[in-house]
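Data block below; observations after.
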Ligand code: URP
Ligand code: ZN
Ligand code: ZN
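Residue numbers (my numbering): 183 to 654.
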């Protein structure tokens with residue numbers, strides 16, 4: 183089966199040009215002028231943009247947290263991703279079951295039969311002992327080439343600095359990339375218990391007890407540990423101006439340290455947590471200030487930060503009230519669990535489907551990013567850093583035919599009516615968009631056609647990744 187996407191404006195990480203694109207089976211087989219193939223289905227993309235499908239390097243589907251679970255599973259989350267133009271997502275495996283391989287198996291049990299786009303896994307390392315250290319190289323046999331550590335969430339997820347250093351050395355030795363959640367767990371615990379003791383229970387205290395300085399020093403600490411371990415490092419969900427400054431400092435020293443930010447840190451501030459429905463904006467790390475937003479935009483534009491992920495980890499705002507999802511009522515306990523205590527509000531928010539549409543209008547449309555930077559940050563760079571390029575994140579012959587035909591003229595008022603996340607709110611409700619995905623292909627199969635969903639559970643393929651991906 184072949185398909186020709188004709189006369190579209192192709193946008194890659196480095197070029198913009200008009201061409202036809204021939205897809206044969208699951209792969210892009212040719213890019214050029216006036217392509218022809220007998221019997222091929224022709225799609226006229228004149229006036230449309232053609233881009234590689236988005237690669238989201240940071241999602242949490244079906245993640246147990248506090249007394250609930252994130253409300254998108256690997257089907258509903260993947261479907262939402264696809265409607266927003268994303269065709270690959272990398273999810274985090276919690277280190278919950280006994281061994282690492284048992285934890286990974288458990289995550290395959292949750293994901294494989296539901297997956298609707300291609301996917302891969304990072305491994306959280308939240309407990310390090312000799313057995314875990316010995317098992318790290320085996321992650322590669324499971325196709326996992328990246329490990330995430332936390333300098334926050336004391337007593338739950340955090341590793342101590344010495345453990346992070348030990349892990350970084352093992353990871354480097356075997357070609358795995360270490361990822362860091364950078365906050366100061368000790369300071370957070372002190373401030374949070376003081377706030378609660380003083381009777382401060384509202385969402386804004388989530389941000390007030392997780393200061394930016396803790397994130398800034400944790401980025402520098404992570405960079406210094408990585409330098410001493412001679413290991414590459416990737417800082418997830420960067421949120422503060424000072425973090426970008428520290429990353430810039432480390433990169434200017436020639437260290438292979440990379441960074442990711444997320445849309446929520448570009449558009450929202452701690453002021454949102456002061457709203458009556460402030461719990462909707464609770465995630466960790468928290469929103470900061472308008473100055474932080476601006477510095478992050480600048481860091482994206484000047485190449486200090488390499489990727490935009492979503493940290494998609496949605497919860498219902500009011501999980502006592504069902505929504506209709508594919509015609510069925512669904513209610514999952516959510517933010518209301520922390521109505522009287524901000525430390526009990528599940529951390530995280532929806533975003534996997536919002537990322538490309540929101541960043542196109544408010545990043546490219548506002549002149550903050552070029553279309554090529556948009557593709558680099560949301561697709562090509564995550565694919566490169568996590569060992570998926572050029573199979574993913576490119577429009578090169580031989581690449582998987584994960585393609586988005588984007589209508590730059592489509593105007594809509596965005597919100598829960600368009601976003602397909604399985605939750606009861608959208609952070610961008612009422613935002614006016616100019617440009618939206620029109621057709622989305624996964625390995626040559628049309629899975630989104632305008633408003634129509636043509637994908638299905640189980641069609642997403644697990645992507646095994648190789649060690650030694652390049653630091654960029
Ligand atoms: O609030 C968030 N981001 N929840 C997901 C866990 C994490 O630290 O990424
Ligand atoms: Zn994190
Ligand atoms: Zn996360």
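Heads up, the beta-carbon is just placed ideally off N, CA and C, and yes, glycines get one too.
Is the closest heavy atom of ligand 2 to the C-beta of residue i under 8 Å?
| i | result |
| --- | --- |
| residue 330 | yes |
| residue 466 | yes |
Is it the case that the CB of residue i approaches a heavy atom of ligand 3 more closely than 8 Å?
| i | result |
| --- | --- |
| residue 199 | no |
| residue 240 | yes |
| residue 274 | yes |
| residue 255 | no |
| residue 493 | yes |
Please find out if some non-hydrogen atom of ligand 1 comes closer than 8 Å to the beta-carbon of residue i.
| i | result |
| --- | --- |
| residue 259 | no |
| residue 454 | no |
| residue 531 | yes |
| residue 305 | no |
| residue 245 | yes |
Determine the DSSP secondary structure at residue i, reduced to helix, strand or coil.
| i | result |
| --- | --- |
| residue 590 | strand |
| residue 241 | strand |
| residue 510 | strand |
| residue 449 | helix |
| residue 539 | helix |
| residue 498 | coil |
| residue 248 | coil |
| residue 534 | coil |
| residue 168 | There is simply no residue 168 to check, as the chain begins at 183 and stops at 654 in what is shown. |
| residue 210 | strand |
| residue 226 | strand |
| residue 574 | coil |
| residue 462 | helix |
| residue 291 | helix |
| residue 505 | strand |
| residue 606 | coil |
| residue 318 | helix |
| residue 548 | coil |
| residue 284 | helix |
Given a cut-off of 9 Å on the beta-carbon distance, is the pair residue i and residue j in contact?
| i | j | result |
| --- | --- | --- |
| residue 366 | residue 339 | no |
| residue 643 | residue 301 | yes |
| residue 396 | residue 417 | no |
| residue 192 | residue 224 | no |
| residue 265 | residue 601 | yes |
| residue 353 | residue 404 | no |
| residue 545 | residue 479 | yes |
| residue 252 | residue 497 | yes |
| residue 207 | residue 651 | no |
| residue 273 | residue 293 | yes |
| residue 638 | residue 535 | no |
| residue 605 | residue 431 | no |
| residue 585 | residue 232 | yes |
| residue 426 | residue 470 | no |
| residue 360 | residue 332 | no |
| residue 636 | residue 523 | no |
| residue 388 | residue 466 | yes |
| residue 318 | residue 583 | no |
| residue 596 | residue 449 | no |
| residue 533 | residue 239 | no |
| residue 439 | residue 566 | no |
| residue 385 | residue 527 | yes |
| residue 617 | residue 592 | yes |
| residue 277 | residue 283 | no |
| residue 516 | residue 481 | no |
Using DSSP bridges, identify the partner residues of residue i.
| i | result |
| --- | --- |
| residue 304 | 274 |
| residue 191 | 200, 231 |
| residue 416 | 361, 440 |
| residue 635 | 630 |
| residue 268 | 236 |
| residue 568 | The partner list for residue 568 (beta bridge, DSSP) is empty, contrary to what the question assumes. |
| residue 556 | Looking at the DSSP assignment, residue 556 forms no beta bridge with any residue, so it has no partner. |
| residue 619 | 588 |
| residue 470 | 451 |
| residue 331 | 362 |
Review point. Residues near ligand 2, CB to any non-hydrogen atom under 6 Å, in chain order?
Key: The chain-ordered list of residues whose CB is nearer than 6 Å to some heavy atom of ligand 2 reads 363, 418, 419.
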